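Student: For the sequence shown, counting from 1, position 329 maps to 361 in the numbering used here; every step adds exactly one.
In this text, a Cβ means the ideal position worked out from N, Cα and C, and glycines have one as well.
Here the structure is a predicted model, which is why all the values come from computation and not from measurement.
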Amino acid sequence: MASDAATDTPRWLGWPRRGWLGLGGWLLLLVVLRLVLVPAESREPATAAELRDAVSAASEWMQRAQGAPEDGRYLYLYDPARDAALDDYNDVRHAGVTMALYQAAGRDGDLEALAAADRAVEWMTAHLHRHDGWAALTDVHGVRAKVGGTALMVVALAERRLATADPRHDALMRELGAFLAAMQRPDGGFLVAWEIPAGEPDRVGTSRYYPGEALWALALLHEAFPGEGWDEHARAASIFITTRRDDVEGVRFQPLADHWAAYGLAEMAEWGLSEPEIEYARRLAGRFGFLIRVESQREHGLFGGPGRLLRSEVPASAFGTWIEGMSALWRLSTADPRMADLRPAIEARLAIGAALLMRRQIGAAEAGGYANPELVRGAWLSGGLTRMDDQQHALSGLLYASDALEGRTNRSPDGLLTSPDR
33 MASDAATDTP RWLGWPRRGW LGLGGWLLLL VVLRLVLVPA ESREPATAAE
83 LRDAVSAASE WMQRAQGAPE DGRYLYLYDP ARDAALDDYN DVRHAGVTMA
133 LYQAAGRDGD LEALAAADRA VEWMTAHLHR HDGWAALTDV HGVRAKVGGT
183 ALMVVALAER RLATADPRHD ALMRELGAFL AAMQRPDGGF LVAWEIPAGE
233 PDRVGTSRYY PGEALWALAL LHEAFPGEGW DEHARAASIF ITTRRDDVEG
283 VRFQPLADHW AAYGLAEMAE WGLSEPEIEY ARRLAGRFGF LIRVESQREH
333 GLFGGPGRLL RSEVPASAFG TWIEGMSALW RLSTADPRMA DLRPAIEARL
383 AIGAALLMRR QIGAAEAGGY ANPELVRGAW LSGGLTRMDD QQHALSGLLY
433 ASDALEGRTN RSPDGLLTSP DR
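1) What is the rounded straight-line gap between the Cα of L316 and the Cα of A399?
2) Anyone know if the C-beta pair for A127 and A188 falls short of 8 angstroms?
3) How about the region 301 to 314 and the region 344 to 358: do they share at least three Cβ pairs that are nearer than 8 angstroms?
4) Would I384 and L430 qualify as a contact pair, given that the criterion is a beta-carbon distance under 8 angstroms?
5) T274 by DSSP, collapsed to three states: which one?
6) By the three-class DSSP mapping on this structure, what secondary structure does E398 have?
7) Name the residue from Q424, G141, V124 whose alpha carbon lies nearest to the alpha carbon of Y241.
8) At what residue ranges does the region 363 to 450 contain a whole run of the beta strand (DSSP E), taking only runs of 3 or more?
9) Measure the alpha-carbon distance for L449 versus A195 and round it to whole angstroms.
10) Is it right to say E302 is buried, meaning 16 or more other beta carbons lie within 10 angstroms of its own, or is it exposed?
11) What distance in whole Å lies between the Cβ atoms of A266 and A256, which are believed to be in contact at a cut-off of 8 angstroms?
12) Taking the Cβ atom as the reference point for each residue, do A246 and A268 lie within a distance shorter than 8 angstroms?
13) Rounded to whole angstroms, what's the CA-CA distance from G181 to L160? Just pull it up for me.
14) How big is the Cα-Cα spacing for A455 and L417?
15) Within this structure, are the beta carbons of V179 and M215 separated by less than 8 angstroms?
16) Tell me which same chain residues have a C-beta within less than 8 angstroms of the C-beta of R193, skipping the five on either side of it?
17) By Cβ distance below 6 angstroms, which residues in the same chain neighbour D171 in space, the five residues on each side in sequence not counted?
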């Protein structure tokens, strides 16, 4: 080793104090970056049975939070600290919660969940606008019929049909599908809404997520009624989403984390997907995987856990969509060999993310500390509030994540429910 001529001291020991302080500063910075920016990932697994218990608790919240039978609406936004319902409502989310209830009812054989969802369908059928052979779900004021709300109403009715094999809503499903077809643009995208007072579509507004909702609805219509041409509309929507939508909508970080598109592609797997569709699905899996990883890292950062200073956990309405999307892509990876190499990574992300989401659900003991425990138990809170789609997306995500943990590739219920009024 080279040494100082006068003292025979190794040169590295003769560094000036400022050099040592600089090195120490860099080491400290690296430690902080590791703890804060790149913390260890939460890896506490959950069993499929635990996830299904969480699904049941969320379904029960939806049933308790529904209005009187003659109304059929759900509690939209609730402040448990003040035991106050905030005055607002949204038709798209109403249809989404109803969809989730039918999913849970079909899997659990829950006739009470089926009855609650049926009451919600009655509310939707009372808020339909019909024109030129089609029907569409309107907002609460009856002035605007959005593509997203109508698409999710189709999905809800399709889920009911899968759970019961009851054809009572078949004609309505076709009417609603006709609206989606009428609103589809030549490029495969969709006009956003029909303006009822004007008697014409909104040709200016856009939505990033309505195309994915419409895609899944059209795919389910084809599954229910093959040979009627719904697959042509679904394919056009899929090509738009997978090749153009993100650019048209100016999505900064592509691909958009669109769980609805993932559902649609998984539904279309047996039809045969094109290379652009598969390439998009692979990128979408990477996007969901990244988001789930970042969220799971919040648990172990320097400021993670309750009372975190630098980070706040995302609402269940967002986190649940990532689990939903990844679950749909898991199902696609079991059906298309071009996705098969991603299956282990998808399963690992689902196991981590679903467990973390499940642990954030309010249990009975914690709910007991609130003025109205029945409207808190089984819910997820964000900023002290819960909104009905927090339960919707968490329920659907955990339900289908449990499928992946069990290796259950069939999304449909195993048996059929019998509606009490049949």
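Tutor: According to the data block:
1) Using only the alpha carbons, I get a separation of about 36 angstroms.
2) Yes.
3) Judged by Cβ distances under 8 angstroms, the region 301 to 314 makes no contact with the region 344 to 358, as fewer than three pairs qualify.
4) No; because the gap between Cβ atoms is not below 8 angstroms, this pair is not in contact.
5) Assignment of T274 by DSSP, reduced to helix, strand and coil, places it in the helix class.
6) E398 falls in the helix class under three-state DSSP.
7) Looking from the CA of Y241, the closest CA among Q424, G141, V124 belongs to V124.
8) Fully enclosed beta strand (DSSP E) runs of no fewer than 3 residues are not present anywhere in the region 363 to 450.
9) Distance between the alpha carbons of L449 and A195 is about 6 angstroms.
10) With fewer than 16 other Cβ atoms within 10 Å, it is exposed.
11) With a Cβ gap of about 12 angstroms, A256 and A266 do not count as contacting.
12) It is not a contact, given that the beta carbons lie outside the stated cut-off.
13) Approximately 11 angstroms, taken between the alpha carbons.
14) This structure cannot speak to residue 455, because the chain is shown only from 33 to 454.
15) Closer than 8 angstroms, so yes.
16) So the qualifying residues of the chain are P199, H201, D202, M205, A256.
17) Residues D123 of the same chain have their beta carbon placed closer than 6 angstroms to that of D171, with the five preceding and five following residues left out of the count.
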